[in-house]
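Protein chains in written order, with this note's numbering: chain A, 368 to 767; chain B, 368 to 767; chain C, 49 to 401; chain D, 49 to 401.
C-beta: ideal position from N, C-alpha, C; glycine also.
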Amino acid sequence: MAEDEKLPPPETPLLDALEQGPWPSFVTEMKRAAAKKEMAKDLLRQLERSYRDRIGHWKHGGIVGVKGYGGGVIGRYSDLPEEFPAVAEFHTLRVNMPSGWFYNTKKLRELCDVWDKHGSGLTNLHGATGDIILLGTQTAELQPCFDDLAEIGFDLGGSGSDMRTPSCCVGPGRCEYACIDTLELLYDLTMTYQDQLHRPMFPYKSKVKISGCPNDCVAAVPRSDIAIIGTWRDRIRLDPAEVANYANAGFDIAGEVVALCPTRCMTWDAASKTLKIDDAECNRCMHCINLMPKALRVGQEKGATILVGGKAPIVHGALLSWVIVPFMKIEPPYTELKELLDKIWEWWDENGKMRERLGELINRLGMRTFLKAVGLPPVPQMVKAPRANPYYFWDPEEVK
Amino acid sequence: MAEDEKLPPPETPLLDALEQGPWPSFVTEMKRAAAKKEMAKDLLRQLERSYRDRIGHWKHGGIVGVKGYGGGVIGRYSDLPEEFPAVAEFHTLRVNMPSGWFYNTKKLRELCDVWDKHGSGLTNLHGATGDIILLGTQTAELQPCFDDLAEIGFDLGGSGSDMRTPSCCVGPGRCEYACIDTLELLYDLTMTYQDQLHRPMFPYKSKVKISGCPNDCVAAVPRSDIAIIGTWRDRIRLDPAEVANYANAGFDIAGEVVALCPTRCMTWDAASKTLKIDDAECNRCMHCINLMPKALRVGQEKGATILVGGKAPIVHGALLSWVIVPFMKIEPPYTELKELLDKIWEWWDENGKMRERLGELINRLGMRTFLKAVGLPPVPQMVKAPRANPYYFWDPEEVK
Amino acid sequence: MATRTDFGPPYFRDMLPPVIQKNYGQWKYHERIKPGLLVHVAESGDRLWTVRVGSSRLVSTDWIRDVCDIADRFCDGYLRFTSRHNVEFLVSDEAKVEPLIAYLDAHGYPVGGTGHSVTNIVHTQGWIHCHTPATDASGIVKAVMDELFDYFKEWKLPAYCRVSLACCLNMCGAVHCSDVAILGIHRKPPVINHDIVRARCEIPNVIAACPTGAIRPDPKTKSLIVNEEKCMYCGNCYTMCPGMPLADPVGDGVSIWVGGKVSSARTPPKFSRLVIPYLPNNPPRWPEVTAAVKNIIETWAQHAHKHERMGEWIDRIGWERFFDLTGIEFKVQLIDDFTLAPETYRSTPTFKW
Amino acid sequence: MATRTDFGPPYFRDMLPPVIQKNYGQWKYHERIKPGLLVHVAESGDRLWTVRVGSSRLVSTDWIRDVCDIADRFCDGYLRFTSRHNVEFLVSDEAKVEPLIAYLDAHGYPVGGTGHSVTNIVHTQGWIHCHTPATDASGIVKAVMDELFDYFKEWKLPAYCRVSLACCLNMCGAVHCSDVAILGIHRKPPVINHDIVRARCEIPNVIAACPTGAIRPDPKTKSLIVNEEKCMYCGNCYTMCPGMPLADPVGDGVSIWVGGKVSSARTPPKFSRLVIPYLPNNPPRWPEVTAAVKNIIETWAQHAHKHERMGEWIDRIGWERFFDLTGIEFKVQLIDDFTLAPETYRSTPTFKW
Ligand code: SRM
Ligand code: SRM
Ligand code: SRM
Ligand code: SRM
Ligand code: SF4
Ligand code: SF4
Ligand code: SF4
Ligand code: SF4
Ligand code: SF4
Ligand code: SF4
Ligand code: SF4
Ligand code: SF4
C-alpha cells in the first residue's frame with residue numbers, strides 16, 4: 368500500500384462519464400486496478416489525457432521479449448514518460464489460452480496472482496486473436512512474469528511474423544453441430560507447431576482458426592490465413608417425428624425454413640407434415656439445422672473444408688479465405704492436414720515477400736502456381752465462377 | 368467476262384464442305400462473287416489455303432483512306448501477294464448504315480452497283496459495330512468508290528481513334544417498348560458528330576449505342592463507351608382486363624411472371640385475377656412487360672439512363688458500362704445529352720493515354736475524378752454497393 | 049468535282065415503309081405468331097408483320113439483289129437487318145405473309161430466330177479479312193448453325209440463347225456477354241523473323257505497341273526479344289511489324305465461354321465465363337467445337353426452368369453442378385489469376401459435391 | 049533454474065466441467081430458453097445450462113476473481129469465455145440456474161447476448177495500448193453498448209446483429225465482415241518532425257516500411273518527404289519512426305460500415321461496406337457514433353424479414369433503398385476507386401428511384 372501514498376487517486380472527469388450506463392465499465396475496472404497499482408493509475412491518467420487531446424499517447428519502441436522466445440510480447444512506450452512515469456514502459460504479454468477458452472477457477476486465480484505480482488493488474492479476456500492479454504508491465508518484469516507463468520503452466524502466444532495463436536469454437540465441448548473435434552485439433556496443432564508459434568521466421572503473420580461447422584463461430588473465413596471449417600459429405604439426418612412436433616408447436620416451417628433455403632432443395636408438405644431434402648442439391652449452409660436442431664442434424668460422414676488467404680485490409684484490401692480442399696477427414700494424428708500445412712507454409716516461406724500474407728502471395732503468383740506447389744487438383748468447388756477474362760498465360764508445356 | 372478466262376474457277380475442296388447443310392453458306396456467296404470478280408476468286412483461293420494451313424494470310428499495311436477522311440477504311444494486304452495477286456491489296460470500306468438498318472430496295476441496289484463496279488462484290492450486312500462492310504478492294508479504287516457512294520448518299524463510318532459509327536435498336540420504328548426515339552437520336556448524334564466520326568483525334572476509339580429500353584437489343588451495355596438506355600420514372604401501365612385475358616388463356620402469371628420478378632414487387636390474386644405492382648420497388652427490368660405486352664406497358668414519364676465505360680478485354684479486361692446518370696429526358700435538340708457527351712470526350716481527350724478507353728481512364732484516375740470533371744453528383748444508383756475497402760485518399764479540402 | 053464530305057448516312061425516314069411512317073412510335077403490343085413471324089399492332093389498329101430470315105452475313109451483291117426482289121414482291125420494297133445480322137421482311141398486307149414464308153422456305157431462306165430460339169451468331173472476320181485471327185469466323189459459324197438449325201427454326205429452348213464468335217481477344221463480336229461464346233485464342237508468343245524486323249519495322253513503335261511491355265530491343269541481333277512470360281498473344285506487335293507473326297497451326301484454336309447475357313430482364317448483364325480453354329482448329333467443320341456447343345445448349349435446355357437464361361440457370365444450380373451435368377472437365381485454366389481473380393474464388397464451405 | 053519453453057497452453061480437458069467430460073462430442077440438440085440462457089441436451093439425456101454474461105473485456109484481476117467466485121458457487125468452479133469476449137457460466141444443476149441469474153442481475157452482470165440480439169462488440173486497444181489508433185476502442189464500445197443495452201438483454205431483432213470496432217485500418221477487430229462496423233480512420237498523412245527523424249530514425253527502414261512508396265528521402269533537410277497523394281494513413285512509418293506521428297484531433301475519427309456477415313447460413317460471408325465516411329472523435333461518449341449505429345440497427349429491425357441479416361436485407365431491397373430508409377446521405381467517399389472498384393459499379397439500368 369506504500370504505493371498509494373505516492374500519488375493521489377487520478378482525476379478523470381471525462382472517463383468518469385463512462386462509469387454511467389448499464390454496460391460494464393472498463394473505467395471502473397481500471398480504477399479497481401489503479402487502487403493497487405501505480406501502472407494502472409498512470410494508465411488512467413494518460414487515457415484521460417488522450418480523451419482531452421483526442422489522440423493516443425503511445426509509441427513503438429525496440430523489440431522486447433523473454434528468453435528463448437521471439438514473440439509473445441508487444442513492446443509499448445508512453446510518448447509522455449515524464450508526465451506518466453509508471454507507464455513509460457508498458458508492454459503487453461500475449462498468453463496462450465486453453466482450447467475453447469475453458470477455465471477452471473483455480474487456474475484463473477493463479478493467473479491473477481502472477482499478474483498482480485508482475486504487471487498492471489489489467490487484462491483483456493480475451494484478445495481479438497484469442498490470447499489472454501496481460502496488459503502492460505515494465506521491461507524488467509517480463510522475464511520474472513514469464514517464469515511464474517511457466518510455473519502455473521501458461522505459455523506465451525504469438526506475435527510478429529510467426530504462426531499466431533490459433534483458436535477454435537467451443538465445438539464438441541458444447542455444440543451438437545461440431546463436425547470435427549475443434550478443441551483437440553487446436554491443442555494438437557498448437558503443440559505440434561510450438562516453434563512456429565514462438566519464433567517468428569515467416570514472411571509475416573500466419574493465422575489458423577478452426578470452426579466446427581459452417582456457422583463459423585470463430586470467424587475463421589475472414590480472419591485466418593488458414594481456416595478449417597467442419598462439414599459433412601453425406602445427408603442431413605432428419606427426424607420426421609420431431610419435424611412434425613415443430614409444426615404442431617406452430618413453427619412456420621414453410622416460411623422460416625423452406626423458403627430461406629438457398630438452394631431451394633427442401634419441400635414441405637403441410638398436409639402430411641413431411642419435410643423432404645434433396646441432399647444432392649443441399650450446400651450445407653446450416654440454416655435449416657440452425658432453426659430445427661431437434662429435428663435436423665448434420666450428417667455422419669464428417670470432415671472439414673480447408674480455406675486459405677483470409678486477412679484484414681493492409682495493404683491490398685481485405686480478403687476472405689478461399690476453398691482449396693473441399694473435404695478432408697480430420698482424425699488424429701491429423702497427418703494429411705499437417706502435411707498440407709507444412710507444404711503451404713514452406714511455399715509461402717520460400718516465395719513470400721516480407722510482410723506479404725499468404726493470400727496476397729497467392730494473388731501475386733497466381734492460384735495455379737499455388738495449387739501446383741502444394742499438389743492440389745483444380746476442382747469447381749474452389750471457385751464461385753470461372754474466369755471471365757481471356758488472360759491465361761499458357762505454359763509452353765501445355766501447348767503441344 | 369474477259370476476267371473469267373484469266374483464271375480457272377478456284378479449286379476449294381475444303382471450303383466446298385461448307386456448302387453442305389441447311390444454314391446459308393458464305394462459301395456459296397463467295398463463289399457467286401468469284402464468278403464475276405478476280406478479287407473474289409483470289410479471296411476464295413487464299414481462304415482455301417488458310418483452311419489448309421490453319422492460319423490467316425493477311426497482314427497490316429500502311430494507312431489507306433479517302434480524301435478528307437481519317438478513318439472509314441481498313442487497310443489489308445495479303446502475305447502471299449505472288450500467289451494471290453488480286454488480293455495483294457484488299458481494303459475494306461466501312462459505310463455508315465441508316466438508323467435501325469432500315470432500307471428501301473432502291474438504295475440497296477444502287478449500293479450493289481457501286482460495289483460491283485469498284486470492289487470484290489462481297490459485303491458484310493452488317494459489321495459488328497453496325498456499318499455496311501464493303502469487303503475488299505484495291506487502293507486505287509478507294510477514292511472512286513467513295514465518290515460514287517457519295518453520289519448515292521452513302522457516307523463512311525468510323526475506324527481508328529474516332530467516334531465509331533453509333534448504332535441503335537429498331538425502337539419506335541417497330542417496338543412498343545421504346546422509351547426514347549432511338550432512330551432519330553442516332554441520326555441527330557451522327558450528324559452532330561460527323562467530325563468526331565470521320566477524323567480520328569481521340570486517344571482511342573469511342574463507341575455510342577442506343578437501346579430503347581432495358582432489353583438492350585443493340586447490346587449497348589457491354590459494347591459501348593457510352594450507352595444510352597431508354598427507361599421510365601413513373602409506373603408501369605397495367606390493363607386489368609388484358610391481365611385477366613392472359614390468365615383466362617391459361618398463361619401462368621404466378622409462375623412465369625410474379626415468381627420471376629427480381630424485386631418481388633408483384634402480387635397476384637388468382638381468385639380475383641388481379642395483378643398488383645408496387646411500382647416504388649420495381650426496378651424496371653422489363654420481364655413482366657416482356658411476357659405480357661398486351662397487359663403491361665412501360666411508363667409514360669420516359670427518358671434514358673446513361674452508362675459509360677463498356678468495352679472488350681484489351682488490355683485490362685472487358686468492362687460493362689456503368690450508370691452515371693440514372694435518368695435524363697431525351698428530347699430534341701438533345702442539348703443536355705450533347706453537353707454531357709462533350710464534357711466526357713473533352714475530359715477523356717485531355718487525360719486519356721494513347722489506346723486508353725474511357726472506362727480504363729475512369730479506373731485509372733478514379734470515378735470520383737470523372738464525376739467531378741463532368742459535374743455529376745454521386746448517387747447510390749451509380750453503384751451495386753459502396754466500397755468494401757478503407758482506401759479512400761482524402762482531399763485536404765475535405766479534412767477540416 | 050470536289051468531293052463532298054460529312055453528309056452522313058441516308059436519312060432513315062426515307063427507308064421506312066408507309067405503315068411505319070404512319071404508326072411511328074405508336075406501337076401498342078406485339079405477338080409472336082410462330083418462329084420467325086412477329087406481328088406488331090399499333091394504337092391505330094394497323095398491323096405490321098415481320099418475317100425474320102437467317103443470313104450468312106458475308107453476302108454477295110447478288111444475294112442482296114435477291115432479297116431486294118423478295119422485298120419488292122412482298123413488302124412494297126422495304127426491309128431491314130437486325131442487330132444480329134438477320135434480315136427482316138416488313139409486311140403490311142396480311143395476305144402476303146404466308147406466301148412470303150412459303151417462298152422463303154422454297155428458296156432456302158431459313159425463317160426463324162425469334163423468341164426462345166438460337167438466333168444468328170454475331171461474328172467477325174477471321175481468315176477472311178483480319179490479320180490477327182486465331183481461327184476463322186464464317187466457317188465455324190456455318191458449321192455450328194448447321195448443327196443448331198432446328199433451334200433456329202423452332203421454339204425448343206427455355207429462353208433466349210445468344211451464341212457469338214470472335215476470332216481473337218479483341219472480341220469484335222463482343223462475345224463477352226453471350227450465353228455461349230466461341231473465342232479464337234493464340235497460345236504462343238510471336239515467332240520473330242529477325243530479317244523482316246530489321247528490314248521493315250520501326251523497333252521503337254513495335255516496343256511501344258506491346259500492352260504488357262513484353263518486347264525489348266536486342267542489340268546483338270539489332271532486332272527484338274519477346275519476354276514470353278509476359279506475352280498475352282494480343283497481336284499488337286504484328287500489327288506494327290510483319291516480322292512478328294503470331295498465327296500458329298498448333299498454338300491457335302478455340303475456347304468456349306458460357307453464361308453471359310446482355311439484357312437486364314430479370315437479372316443484370318453478366319460476363320460469359322471460360323469453360324473449355326482450348327479446342328483445336330479443325331477446318332472445314334470444327335467438329336470438336338460444334339459438339340461442345342451443342343452439348344452445352346442441350347444440357348441447359350434439358351435442365352433449365354422456363355425463361356431461365358444459361359447464366360441464370362448456372363447461378364441457380366452452381367458452377368460445380370454445371371460441370372457435372374455437361375461432363376466438361378474442370379481444368380486449371382478456368383481458375384482466374386488476372387486482376388480481379390479474388391472475386392471469383394469461393395469464400396464459403398457451402399457448395400455442392 | 050533454466051526456463052522451460054514451448055510447453056503450450058493448459059490442456060483444455062482439465063478445464064472442462066464433469067458434464068462436458070462425460071458428454072464430450074455427444075450433444076444432441078439445444079434450446080434457447082430465454083435471452084442469455086441456453087440448454088444443451090446430450091445423447092445421454094444430461095443437460096448443460098449456459099448463462100451468458102456481457103463483459104467489458106478490459107477487466108481487472110479483481111473482476112476475474114469475482115467471476116471465479118460466482119463460478120465456484122453455481123458452476124462447480126468452471127466457466128468459459130466466448131469468441132466475442134462474453135463470459136459463459138456452465139451450469140449442470142438445473143436448481144442453480146435461476147439463482148445464478150438472479151445473482152447476476154442483482155450484481156449488474158448483464159445476462160443476454162444469445163440468439164437474435166446484439167451481442168458483445170469485438171474490439172481492439174485504441175488509446176489504451178496501441179500506437180496507431182485513430183480513435184479509442186473501449187470508450188466507444190461502452191457508449192454504444194449502453195445505447196443498445198436492450199438489444200443485448202432482449203430478443204427484439206429479426207436476426208443476429210454483430211457489431212465490431214477497430215481503431216485503425218489494421219482492423220484488429222476483423223470488423224470487415226460485421227453487420228455494423230465502427231472503424232477508426234486517419235485522414236491526414238504523418239506530420240514530420242525533422243529533428244526527431246534525424247535524431248532517432250533509420251531513414252532507409254522508414255522508406256521501406258511504406259506500403260505505397262509514399263516516402264522519399266529529402267537531401268536538403270537530411271530527413272524525409274511524404275507524397276501526400278499516395279499516403280493511405282496506415283501508420284507503418286510511425287511504427288518505424290516516432291518522428292512521423294499520424295494522430296491528429298481533426299484528421300482522426302470514425303467511419304461506419306454495414307452489411308457484413310461471417311457465417312455461411314443461407315448466404316456466404318460478406319464484407320461490410322462504407323456508409324458513413326467520417327464522424328468526429330467526440331469523447332467521452334461519441335454521441336454522433338452511437339446515434340448513427342442505433343439508427344442503422346433500428347431501421348433494419350423495422351424493415352427486415354425474420355432471419356434476415358443486415359446484409360441480406362440490403363441485398364433484397366438494394367443499397368439505394370438503404371440510404372433512403374436510413375436517411376444517410378450518399379457521399380462520394382462511398383464510391384469505390386480502389387483495385388476492385390469496377391466490380392462495385394452498377395452495369396444495368398435496373399435500380400430503384
Ligand atoms: C491485441 C490485438 C487487438 C485487441 O485488442 O485484441 C491486436 C493488436 C495489434 N495488432 Fe492486430 N491485434 C489483434 C488481433 C488482430 C486481428 C484479429 C484476429 O487475429 O483474428 C487482425 C485481423 C486479422 C488478420 O490478421 O488479418 C489483426 C490485424 C492486424 C494488422 C493487419 C494485418 C494485415 O495483414 O492486414 C496489423 C498490422 C501489422 O501486422 O503490422 C496488426 C498489428 C497490431 C499491433 C501489433 C500494432 C502494431 O502494428 O504494432 C497491435 C498491438 C496493440 C497493442 O499495443 O497491444 N494487427 N490483429 C489483437 C491480438 C490479441 C491476441 O493476440 O489475442
Ligand atoms: C469489322 C469488325 C468485325 C466484323 O467482322 O464485324 C471489326 C474488325 C476489326 N476490329 Fe474490332 N471490329 C468490329 C467491331 C468490334 C466490336 C463490336 C462493336 O463495335 O460493337 C468490338 C468490341 C467492342 C469494343 O469496341 O470494345 C471490337 C473490338 C476491337 C478491339 C478491342 C478494343 C478494346 O478496347 O478492347 C480491337 C483492337 C484495336 O482496336 O486495336 C479491334 C480491332 C479490329 C481490327 C481493326 C483489327 C486491327 O487491330 O486492325 C479488325 C479489322 C478486321 C478487318 O481486317 O476487316 N476491334 N471491334 C467490326 C466492325 C465492323 C463495323 O464497323 O460495323
Ligand atoms: C430485331 C432486334 C432489334 C434490332 O434493332 O435489330 C430485336 C427485336 C426484339 N427484341 Fe430483342 N431484338 C434484337 C436483339 C436483341 C439483343 C442483342 C443481341 O442479342 O445481341 C438482346 C440482348 C440479348 C441478351 O440478353 O444477351 C435482346 C434482348 C431482348 C429481350 C430480353 C430477353 C431476355 O429475357 O433476356 C427481349 C424481351 C423478350 O424477348 O420478350 C427482347 C424483345 C424484343 C422484341 C420482342 C421487342 C418488340 O416488341 O418488338 C423484338 C422481337 C424479339 C424476337 O426476336 O422475338 N429483346 N434482343 C434484334 C434481333 C436480333 C436477331 O436478329 O436475333
Ligand atoms: C459461444 C460461441 C462460440 C464460442 O466458441 O465462443 C457461439 C455459440 C453458438 N453459436 Fe455461434 N457462437 C459464437 C460466435 C459466433 C460467430 C462469430 C462472431 O460473431 O464473431 C458467428 C458468426 C457471426 C456472423 O455471421 O457474422 C456465429 C454464428 C452463428 C450462427 C449463424 C447465424 C446466422 O444466421 O448467420 C448460428 C446459428 C444459429 O444462431 O442458429 C450459431 C449458433 C450457435 C450456437 C446455437 C451453437 C450451439 O448449438 O451451441 C451457440 C449458441 C448461440 C447463441 O449465442 O445463441 N452461431 N456465432 C460464440 C458466442 C459469441 C458471443 O459471445 O456472442
Ligand atoms: S461453429 Fe458450428 S460447431 Fe462451432 S460452435 Fe458454432 S455452431 Fe457449433
Ligand atoms: S442446409 Fe441449407 S441448403 Fe441444405 S437444406 Fe438446409 S437450408 Fe437448404
Ligand atoms: S431495346 Fe427495347 S425498345 Fe429497343 S427493340 Fe429492344 S425491346 Fe424494343
Ligand atoms: S419490370 Fe421487372 S421488377 Fe418491375 S415489376 Fe416487372 S418484373 Fe418486377
Ligand atoms: S476479333 Fe480479332 S481477329 Fe477477329 S476481326 Fe476482330 S480483331 Fe480481327
Ligand atoms: S502479342 Fe501482344 S503481348 Fe505478345 S508481344 Fe506482341 S504485343 Fe506484346
Ligand atoms: S486496430 Fe490498429 S490501432 Fe487498433 S489495436 Fe489494431 S493496430 Fe492498433
Ligand atoms: S502512413 Fe503509411 S502510407 Fe502514409 S506515409 Fe506512412 S507508411 Fe506510407
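So, for B:THR379: in the same chain, excluding its five sequence neighbours on each side, which residues have a beta-carbon less than 7 Å away from its beta-carbon?
As a first step, residue 379 of chain B is located in the second sequence; it is residue number 12 there, counting from the start. Result list for B:THR379: LEU411 and GLU415, in chain order.
My assumption, with CB atoms under 8 Å, is that D:PRO397 sits in contact with B:ILE577. Please give the rounded CB distance.
Position 349 of the fourth sequence, counted from the start, is the residue given in the question as residue 397 of chain D. Position 210 of the second sequence, counted from the start, is the residue given in the question as residue 577 of chain B. With 8 Å as the limit, D:PRO397 and B:ILE577 do not qualify as a contact, their Cβ atoms being about 12 Å apart.
Cβ of A:THR598 versus every heavy atom of ligand 5: is any distance shorter than 7 Å?
Your numbering for residue 598 of chain A matches position 231 in the first sequence. The answer is no for A:THR598.
Using a threshold of 8 Å, state whether the C-beta atoms of B:LEU509 and B:HIS458 are closer than that.
The count along the second sequence starts at 1 and reaches residue 509 of chain B at position 142. The count along the second sequence starts at 1 and reaches residue 458 of chain B at position 91. Yes. Within cutoff.
Rounded to whole angstroms, what is the Cα-Cα separation between C:MET280 and B:CYS655?
Walking along the third sequence from the start, residue 280 of chain C turns up at place 232. Walking along the second sequence from the start, residue 655 of chain B turns up at place 288. Going from the Cα of C:MET280 to the Cα of B:CYS655 covers about 43 Å.
With 16 other CB atoms within 10 Å as the buried threshold, where does B:THR504 fall?
Your numbering for residue 504 of chain B matches position 137 in the second sequence. With 16 or more Cβ atoms within 10 Å of its Cβ, B:THR504 is classed as buried.
Please report the distance separating the alpha-carbon of D:VAL192 from that of D:ALA182.
Within the fourth sequence, numbered from 1, the residue matching residue 192 of chain D stands at position 144. Within the fourth sequence, numbered from 1, the residue matching residue 182 of chain D stands at position 134. Each residue's alpha carbon lies about 17 Å from the other.
Does any CB atom of chain D fall closer than 8 Å to the CB of B:TYR758?
Within the second sequence, the letter at position 391 stands for residue 758 of chain B. Yes - at least one Cβ of chain D is within 8 Å of the one on B:TYR758.
Can you find a heavy atom of ligand 7 that lies under 7 Å from the Cβ of C:ASN168?
The sequence position of residue 168 of chain C within the third sequence is 120, counting from 1. Checking every heavy atom of ligand 7 against the Cβ of C:ASN168, none is found closer than 7 Å.
Does D:SER395 have its Cβ less than 8 Å from a Cβ in chain A?
Here residue 395 of chain D is taken as the residue at index 347 of the fourth sequence, counted from 1. Cβ-Cβ to chain A under 8 Å: no for D:SER395.
Which first and last residues belong to the alpha helix (DSSP H) in which D:TYR151 is found?
If you number the fourth sequence from 1, residue 151 of chain D lands on position 103. D:TYR151 -> alpha helix (DSSP H) spans 145-154.
Taking 7 Å as the cut-off, is the CB of A:ASN582 close to at least one heavy atom of ligand 4?
Here residue 582 of chain A refers to the residue found at position 215 of the first sequence. True, at least one ligand heavy atom lies under 7 Å from that Cβ.
Could you give the distance in angstroms between the alpha-carbon of A:THR833 and the alpha-carbon of A:LYS696?
Missing from the structure shown is residue 833 of chain A; chain A here goes from 368 to 767 and no further.
Kindly list, in the order they appear in chain B, the residues whose Cβ is closer than 8 Å to that of C:ILE304.
Locating residue 304 of chain C in the third sequence gives position 256, where the first residue counts as 1. Going along chain B, no residue has its Cβ under 8 Å from C:ILE304, so there is no contact; the nearest lies around 16 Å.
Please check if any C-beta of chain A sits within less than 8 Å of the C-beta of B:GLY432.
In the second sequence, residue 432 of chain B corresponds to position 65, counting from 1. It does not: the Cβ of B:GLY432 has no partner Cβ on chain A nearer than 8 Å.
Got a sec: which bits of the stretch 307-322 of chain C sit with their beta carbon under 9 Å from any beta carbon on chain G, in order along the chain?
The structure shown contains no chain G; its protein chains are A, B, C and D.
Measure the Cβ-Cβ separation of B:SER526 and B:VAL440 and say whether it is below 8 Å.
As a position in the second sequence, residue 526 of chain B is number 159, starting the count at 1. As a position in the second sequence, residue 440 of chain B is number 73, starting the count at 1. Cβ distance < 8 Å, so B:SER526 and B:VAL440 count as in contact.
Answer yes or no: the CB of A:PRO629 versus the heavy atoms of ligand 6, is any distance below 7 Å?
For the purposes of this step, residue 629 of chain A is identified with residue 262 of the first sequence, where counting begins at 1. Because some heavy atom of ligand 6 lies under 7 Å away, the Cβ of A:PRO629 counts as near it: yes.
With DSSP collapsed to three states, give me the class of A:GLU370.
For the purposes of this step, residue 370 of chain A is taken as the residue at position 3 of the first sequence. Bear in mind that a pLDDT of 46 at A:GLU370, under 50, signals an unreliable position, so the number given afterwards is only what the model happens to contain. Helix at A:GLU370.
With 16 other CB atoms within 10 Å as the buried threshold, where does D:GLU360 fall?
For the purposes of this step, residue 360 of chain D is taken as the residue at position 312 of the fourth sequence. Buried is the call here.
Counting only the same chain and skipping the five closest in sequence on each side, list residues whose C-beta sits under 7 Å from that of B:ASP548.
Taking the second sequence and counting its residues from 1, one reaches residue 548 of chain B at position 181. Once the five neighbours on either side are set aside, the close Cβ partners of B:ASP548 are GLY538 and PRO539.
Can you tell me which of the three DSSP states A:TRP689 falls into?
Translated into the one-based positions of the first sequence, residue 689 of chain A becomes position 322. DSSP places A:TRP689 in strand when its eight states are reduced to three.
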